[in-house]
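Just so you know, we're using this note's numbering here: the sequence shown kicks off at 233 and counts up by one.
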Amino acid sequence: FKAENRKILNEEEVEKCLIHLLETDNDGVKVAASQAISAMCENLASKRAFGLQGIPQLIQLLSSDNEEVKEAAVTALADLTAASPSNASAVAEAEGIEPLVNTLNAQRDGAIANAATVLTNLAMQEPFRVNIQSRGIMSALAEPLRSTNSQVQSKAALAVAAFGCDADARTELRNAGGLGPLVELLHSKNAEVRRNVCWAVMVCASDELTAVQLCRLGALDILEEINLSTGRKSNFSEAALEKLLDNNLSRKYSQMGYLSSSNIISDGFYDCGQIKPGVKFLSLEELSMQELTDRRAIIFINAKPQEENILYSFVDFGLFIIKTKDFPYLPPKIMYIVFHVRKGKGKKEEEKKEEVTQIISEVQDEINLENSHWLPPPDFILLDYINDASKTILPLTTTREQVVTLAQFVADKMGGPIERDKLHDFGWELHISEIEFELKCNVVPIGKVKKGTFCHRALLFKVIADRIGIGCSLVRGEYNRAWNEVKLVDDSPQGIAGLLLPPQEYIVDLMFEPGFLIKQGSAEADQYKHI
């Protein structure tokens, strides 16, 4: 069809004829009519005409037993709903959502791919997206993601991206086992498939549970490999990688050397230094199990106190409460209920022994279960730092005052101000080595560090700032350098009251004049970063 021919056919009202042909008993005619409708969709007037009266007939054909008819009809619907919200609405109004979801299980690849396309087109409108999602769209997409057809793979991934913006949809995809095949498609040699899959990964990584699962399935490693390739790397692959790293801040800081003000450091974060591309990123548990070496210490954050547990003992119907810290052999996070059975009363001695044995066995099972899950030790010193900083800093009225006071607080905990010409005499390396030797481990809680250099002070500043609501970034430099950047609004110029100036970016001095704010881009800022 040429554009001129389409215009002539539209003027002759060919749409009415084609719609009539959809209702014939001959499957071959239905297929041909559907294909003609697809071709005529490039004419906007024809597209609008079919939207008014042809869509219900096409939806009816989705229930056909003839797979070729089904494919031709859904292909026409894909063309009709492309960039046409009104036609998408007509599909929903004609109760086409359920047949379209069912078509994802069709036998022909073309039908599956186009059904995913129509559903994606409908998802652009919130009410339809919610409706489709309620019908189990993510579970239905799990199988098309496993297809060997690149067109099906591409359209299914695009549909996942369209529906993955909802938390319930992401949960459904996880439960349906759809994340595994989605990650596998990152290996695709088809550029369109890779692009759509990267988009889907980026959308699905919006919550921590899904992001963690994607990482376990190898999405991070694959995306890193893609981004090292000039031929396969794209804006989508870079965005997907960064989104995954936003839910794995330890790895993000290690690889990218930067955490933004929106990257909030939580308990379990650790700084193992910068790693080179292609080097395996080890978990904190794996690092803690390594033998003590002279390598750079891993600094970890864990200000979450272990839950104080209680041992309940019923003795002669009396209740005694005993804290588990008095019983170091009992692991935390388990509540024990032990019944003391008095001799000579009630049950026979054999029954009493069986009951006590059963209770001991259950307790031991819980001990084994608890010990199977490794947890980093709590850093009570850091917890005290956060509590003290909150009491001191939160009452201050301006962000500038809070930043300055926090900088002075951090410097005081990390060895105080250092004179520039005596920086090499500070001796922080020996201090860290002594801590590692004391702990018999390369993993060091930040609260233990009393002589900290740039990287330790900047990390502690970011941790406390995140806890008390001060926005700041963390940037890694070379040779153990790191610094914090904050955005502050300067006071209005003298004589111009009420003028709102744009925020200025500053680097916070934590070493030489703690609390001094260095304007970003100045010679002083460059000197602080590269001394």
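Beta carbons: idealized from backbone N, C-alpha and C, even for Gly.
- Counting the other CB atoms within 10 Å of its CB gives I240 a total below 16, which places it among the exposed residues.
- Pairing R708 with A643, the inter-Cα distance amounts to about 18 Å.
- Across the structure, H419 and G510 are spaced so that their CA atoms are roughly 16 Å apart.
- Under the three-state reduction of DSSP output, F532 falls in the strand class.
- A394 places its beta carbon 8 Å or farther from that of N363.
- For P677, the uninterrupted beta strand (DSSP E) run begins and ends at V675 to P677, by DSSP.
- For Q506, no beta strand (DSSP E) run applies, since DSSP gives it neither H nor E.
- If you look at S705, you'll find it in the beta strand (DSSP E) that goes S705 to R708.
- Among the bridge pairs identified by DSSP, K682 is matched with none.
- The criterion of a C-beta distance shorter than 8 Å is not satisfied by V675 and F513.
- With respect to A437, L476 sits close: the two C-beta atoms are nearer than 8 Å.
- Proximity to M646 across L691, L628 and C673 peaks at L691, based on C-alpha coordinates.
- When the beta-carbon positions are compared, Q385 and L411 stay at least 8 Å from each other.
- In the three-state scheme derived from DSSP, where H, G and I count as helix and E and B as strand, I269 is classed as helix.
- Secondary structure at I750: strand, using DSSP grouped into helix, strand and coil.
- For the pair L312 and F360, the CB atoms are not nearer than the 8 Å cut-off.
- Partner residues in a beta bridge of Y711, as assigned by DSSP, do not exist.
- Per DSSP, Q339 lies in no beta strand (DSSP E) and is assigned neither H nor E.
- With 16 or more other CB atoms across the displayed protein chains lying within 10 angstroms of its CB, F501 is buried.
- With respect to G450, V425 sits apart: the two C-beta atoms are not nearer than 8 Å.
- Under DSSP, I739 shares a beta bridge with E717 and I750.
- Relative to A305, the option among S266, S466 and L276 whose CA is nearest is S266.
- Residues R238, N242, E247 and M272 of the same chain have their beta carbon placed closer than 7 Å to that of S278, with the five preceding and five following residues left out of the count.
- Remark: C-beta atoms of F658 and I650 approach each other more closely than 8 Å.
- Look at L626 here: in three-state DSSP terms it is coil, with no helix or strand label.
- Here G328 has I291 as same chain residues with Cβ atoms under 6 Å from its own Cβ, once five neighbours each way along the sequence are excluded.
- In the displayed model, L491 falls within a strand according to three-state DSSP.
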